[in-house]
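Let me begin by presenting the structure, written as structure tokens, before commenting on it.
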Amino acid sequence: MSQQSNEQLKWLVSARAKPAEPGSAVVSVLARNAMVPGVEFDMMVDWHPGAEAPDVEGRALVILSLLFKELAAECERAAAARFAEG
């Protein structure tokens with residue numbers, strides 16, 4: 434893969450946790466790269482007693498990475514099915 438291709442795929446990600454209902458937080462995530470100017474959403478996560486915002490944000494990003502791996506796998510399955518249809 435060329436250096437230019439690598440740069441197009443590189444993501445910039447930010448996350449900010451805000452307390453929500455007791456014991457939970459809303460983590461706002463913003464991601465972008467050269468091909469996608471912005472993907473933005475909020476996700477609910479647990480905010481355990483004593484946890485700091487960076488802990489909550491980090492946990493949310495790990496959960497998000499697992500969710501996106503599953504989404505990527507499903508996209509590959511769906512694409513394969515479409516290509517098989519002709």
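Numbering (my numbering), first residue to last: 434 to 519. Where a beta carbon is used, it is the ideal one built from N, C-alpha and C, also for glycine.
(message) Please report the straight-line C-alpha distance between arginine 515 and glutamate 507, rounded to a whole angstrom.
(response) The residue given as residue 515 occupies position 82 in the sequence shown. The residue given as residue 507 occupies position 74 in the sequence shown. Each residue's Cα considered, the two are about 12 Å apart.
(message) Measuring only the C-alpha atoms, how far is proline 455 from arginine 492?
(response) To locate residue 455, count along the sequence shown from 1; it is residue 22. To locate residue 492, count along the sequence shown from 1; it is residue 59. Their Cα atoms are separated by approximately 17 Å.
(request) Below 8 Å on the Cβ atoms is my guess for valine 489 versus valine 478; work out the distance and round it to an integer in Å. (result) Within the sequence shown, the letter at position 56 stands for residue 489. Within the sequence shown, the letter at position 45 stands for residue 478. Right, the Cβ-Cβ distance comes to about 6 Å (below 8 Å), so this counts as a contact.
(request) Identify which residue in Phe501, Leu500, Gly483, Trp444 has its Cα closest to the Cα of proline 470. (result) Position 37 of the sequence shown, counting from 1, holds the residue named residue 470. The residue among Phe501, Leu500, Gly483, Trp444 with its C-alpha nearest the C-alpha of proline 470 is Trp444.
(request) Report the rounded CA-to-CA distance for aspartate 475 versus serine 461, giving the unit in angstroms. (result) Residue numbering aside, residue 475 sits at position 42 when the sequence shown is read from its first letter. Residue numbering aside, residue 461 sits at position 28 when the sequence shown is read from its first letter. The straight-line gap from Cα to Cα measures roughly 4 Å.
(message) Classify alanine 448: buried if its beta carbon has 16 or more other beta carbons within 10 angstroms, exposed otherwise.
(response) Here residue 448 corresponds to residue number 15 of the sequence shown, with the count starting at 1. With 16 or more other Cβ atoms within 10 Å, it is buried.
(request) Would you give the residue range spanned by the beta strand (DSSP E) that glutamate 518 belongs to? (result) Working through the sequence shown from its first residue, we reach residue 518 at position 85. Premise fails: glutamate 518 lies in the alpha helix (DSSP H), 486 to 518, not in any beta strand (DSSP E).
(message) Using 8 Å as the threshold, is the C-beta distance between tryptophan 480 and serine 457 below it?
(response) Taking the sequence shown and counting its residues from 1, one reaches residue 480 at position 47. Taking the sequence shown and counting its residues from 1, one reaches residue 457 at position 24. Taking 8 Å as the Cβ cut-off, tryptophan 480 and serine 457 qualify as a contacting pair.
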